[in-house]
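Once you know that position 299 of the sequence shown is 330 in the working numbering, the rest is easy, because the numbers rise by one and skip nothing. A short write-up of the structure that comes next.
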Amino acid sequence: MRWNPGNILLPFLLIVAFAPGEVKAGRIVTGDPDSLFFRARELAFQGEYRHARKCCYRLIDSFPDYTDAYILAGNTWAWEEQFDSARYWLREALLIDPGRPDAIEALARVEYWAGTPGEALPAIEKGLEIRPRHPGLLYQKALVFSREGKRKETWAALNALADTVPQYPGADSLYRLARAVVFPSSLGVEYYYDHFSLPYLRNWHVLSLSVEGEACNSRFLLKLNNGYLARREETFGNNTENQLELDAYPSLGCKSYLYLNAGISPGNFFPRYRAGGEWFYTIPHDMVVSAGFRYLKWTDGFLFYTGSLEKYAGKYWLTLRPYVFHKPYGWSSAWFLTARRYLGDAEQYLQVMAGTGTSPDEPMLASSDMERLHTAMFRAGGQYRLAGNWMIHLLAGYSREEFADGEKRNRYDLRLGFRYGF
32 MRWNPGNILL PFLLIVAFAP GEVKAGRIVT GDPDSLFFRA RELAFQGEYR
82 HARKCCYRLI DSFPDYTDAY ILAGNTWAWE EQFDSARYWL REALLIDPGR
132 PDAIEALARV EYWAGTPGEA LPAIEKGLEI RPRHPGLLYQ KALVFSREGK
182 RKETWAALNA LADTVPQYPG ADSLYRLARA VVFPSSLGVE YYYDHFSLPY
232 LRNWHVLSLS VEGEACNSRF LLKLNNGYLA RREETFGNNT ENQLELDAYP
282 SLGCKSYLYL NAGISPGNFF PRYRAGGEWF YTIPHDMVVS AGFRYLKWTD
332 GFLFYTGSLE KYAGKYWLTL RPYVFHKPYG WSSAWFLTAR RYLGDAEQYL
382 QVMAGTGTSP DEPMLASSDM ERLHTAMFRA GGQYRLAGNW MIHLLAGYSR
432 EEFADGEKRN RYDLRLGFRY GF
């Protein structure tokens, strides 16, 4: 009988195709699925998203009703900003268990990150039909309405949540956002000190009082700055000035907002008039871009063009900001790089800053600063939460400046502030 390889190969392929357990492409899981899921979750937390999904897919092939695997697969896709894939797996989980709260919460996060928070509302409503008065789902419903700027609907969802769990975590902040006007939301006091000794001794002291408020999902800050320029053989009253400033941050949706600034001063050290505007927009990969202007008016006016590129990376935030403006001798530019390391929440951080040139956003900027030829600066500090609602802010800096052709000086500055939030 003539030997034919197919006589052996065909039965072998049939055995492999229909064999149970791990033989079939290594995808079938037998026994306890939890150990493989715990391994997948560990891989996901280590950033090994692709390997974590492989474990999830093996679980799904072997245990089609194992919804934890669907949710974890969806979350890993979301963390990589692959929102369509994330939606697919999370919706598959909700087909199995339509009222599962953690799947609905994960889908709500995906839609928020994708800039479409309202798309999660049908899943939330379906979950509430199955689990009426579930606090987590009620909170997600309020969160969706808040992100869409629907204050009345947010209030209704929060009231239903309060009837179920009176002190649900995070509800207080949504209540504040849902109110048409919150004033004041915080009070602050800040002291600035600026010093150099060439070509004359100058000590520039600024005391700033501020009050912050919120209106229609937007934030505004009113500041009164009192500056005292201390020089030799001059009295206090002759060198004291005031400045009134208003900053506003109107919301343009979940991905965009504006920065607006206006200020006025009757003296000569602060700008007589100042104005600014900037548009910020969130782009993929946890980045923000902006473009805008600043205008400062003493005897002469200076128009600055600016923008920024921001990047969030875990507990770190980086931003690069240039300024371009015109001086009597030609165009000039400035560059500033800032890095923060957050400590637990967005209001507590360590910060370093380095840059060259003149920034119109400096609170201690005086008319003589526009005459500098070159400058390089470095600052370090941070912000920390004290007892209760108190925050402290501290920043110290050093600059090396060329104030005249070939003439250089050292310059030192300090900022110390306290803020109380209501």
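Cβ coordinates follow ideal geometry from the N, Cα and C atoms, glycine included.
| field | Same chain, Cβ closer than 8 Å to I161, five either side skipped, listed in chain order | value | The residues are P129, G130.
| Apart from the five residues just before and just after L334, which ones in its own chain have a Cβ nearer than 8 Å to its Cβ? | Within the same chain, L334 has close Cβ partners F324, R325, Y326, F356, H357.
| query | Among R118, N270, A134, which has the Cα closest to the Cα of T147? | reply | With distances taken between Cα atoms, T147 lies closest to R118.
| task | Taking the CB atoms as reference points, tell me whether L189 and Y206 lie closer together than 8 Å. | result | For L189 and Y206, yes; Cβs fall inside 8 Å.
| query | In whole angstroms, what separates the C-alpha of F449 from that of M422? | reply | Taking the straight line from one Cα to the other gives about 6 Å.
| field | Spatial distance of A279 from L252 (CA atoms) | value | Their Cα atoms are separated by approximately 6 Å.
| query | Can you list, in chain order, the stretches of the beta strand (DSSP E) that have 3 or more residues and sit fully within the region 263 to 316? | reply | Under the rule that a run must span 3 or more residues, the beta strand (DSSP E) segments found entirely inside the region 263 to 316 read 271 to 280, 287 to 295, 304 to 314.
| Nonlocal neighbours in the same chain, by C-beta distance under 7 Å from L192, ignoring five residues either side | So the list reads P166, L169, Y170, A173, Y199, A202, once near-sequence residues are dropped.
| field | Identity of the residues DSSP links to K342 by a beta bridge | value | According to DSSP, K342 bridges with M318, L349.
| Does the distance from the CB of I127 to the CB of A139 come in under 8 Å? | No, they are not a contact pair.
| Presumed contact (8 Å Cβ cut-off) between N420 and G452, rounded CB distance | Correct: roughly 4 Å between the Cβ atoms.
| For L40, which residues of its own chain have a beta-carbon under 6 Å away from its beta-carbon, when the five flanking residues on both sides are left out? | Caution applies to L40, whose pLDDT of 44 falls short of 50 and renders its modelled position unreliable; the model cannot decide the point.
| message | My output table needs one value for D400: the three-state DSSP class, helix, strand or coil. | response | For D400, the three-state secondary structure derived from DSSP is helix.
| How would you call S390, buried or exposed, if buried means at least 16 neighbouring beta carbons within 10 angstroms? | Classification for S390: buried.
| task | Return helix, strand or coil for A117, following the three-state DSSP convention. | result | If DSSP states are grouped into helix, strand and coil, A117 belongs with the helices.
| For D444, which beta-bridge partners are listed by DSSP? | Bridge partners of D444: D225, G428.
| task | Can you give me the start and stop residues for the alpha helix (DSSP H) that S66 sits inside? | result | For S66, the enclosing alpha helix (DSSP H) stretches over residues 65 to 76.
| Where the alpha helix (DSSP H) through R89 begins and ends | Run containing R89: 80 to 93, per the alpha helix (DSSP H) assignment.
| query | Ordered along the chain, which non-local residues of its own chain (more than five positions away) have a Cβ less than 8 Å from that of E393? | reply | Correct list, in chain order: D400.
| request: May I have the straight-line CA-CA distance separating F214 from E243, to the nearest angstrom? | output: Cα to Cα, the separation comes out at about 7 Å.
| query | Taking the continuous alpha helix (DSSP H) assigned at Y101, which residues delimit it? | reply | Where Y101 is concerned, the enclosing alpha helix (DSSP H) starts and stops at 98 to 110.
| query | Under a Cβ-count criterion, where at least 16 other Cβ atoms within 10 Å of its own Cβ denotes burial, should T195 be classed as buried or exposed? | reply | T195 should be labelled exposed.
| request: Just tell me which of A418, M318, W362 has its CA closest to the CA of L461. | output: Outside the shown range of the chain, which is 32 to 453, sits residue 461, and nothing can be said about it.
| query | Does the separation of the CB atoms of E272 and K254 fall below 8 Å? | reply | It is not a contact, given that the beta carbons lie outside the stated cut-off.
| said: Taking DSSP's pairing of strands, which residues face T369 in a bridge? | reply: Its beta-bridge partners are T350, M384.
| What distance in whole Å lies between the Cβ atoms of R372 and Y380, which are believed to be in contact at a cut-off of 8 Å? | Contact holds; Cβ gap of about 6 Å.
| field | Whole-number beta carbon distance between S249 and P281, since they are thought to touch under 8 Å | value | Contact flag correct, Cβ pair sits at about 4 Å.
| field | Distance, G338 Cα to M318 Cα | value | If you take the alpha carbons of M318 and G338, they lie about 13 Å apart.
| Between the C-alpha atoms of K150 and D63, what's the straight-line distance to the nearest angstrom? | The question names Lys, but residue 150 is Glu in the sequence shown. So the alpha carbons of these two residues sit roughly 36 Å apart.
| message | Please identify the residue among S216, P197, L208, A83 whose C-alpha is closest to the C-alpha of R182. | response | The shortest Cα separation from R182 among S216, P197, L208, A83 belongs to L208.
| request: Could you tell me how far apart the beta carbons of A124 and G105 are, in whole angstroms, since I believe they sit closer than 8 Å? | output: About 7 Å separates the beta carbons of A124 and G105, which is inside the 8 Å limit, making them a contact pair.
| So which of Y101, Y231, R72 has the shortest CA-CA distance to R440? | Considering only Y101, Y231, R72, the residue with the shortest C-alpha distance to R440 is Y231.
| query | V212 bridges to which residues according to DSSP? | reply | V212 has A246 as its beta-bridge partners, per DSSP.
| message | In this structure, how does DSSP classify F449 when only helix, strand and coil are distinguished? | response | Here F449 sits in strand by DSSP.
| Environment of Y222 [buried if 16+ CB atoms lie within 10 Å] | With fewer than 16 other Cβ atoms from the protein chains shown falling within 10 Å of its own Cβ, Y222 counts as exposed.
| said: Mapping the DSSP letters down to three states, classify A407 as helix, strand or coil. | reply: A407 falls in the strand class under three-state DSSP.
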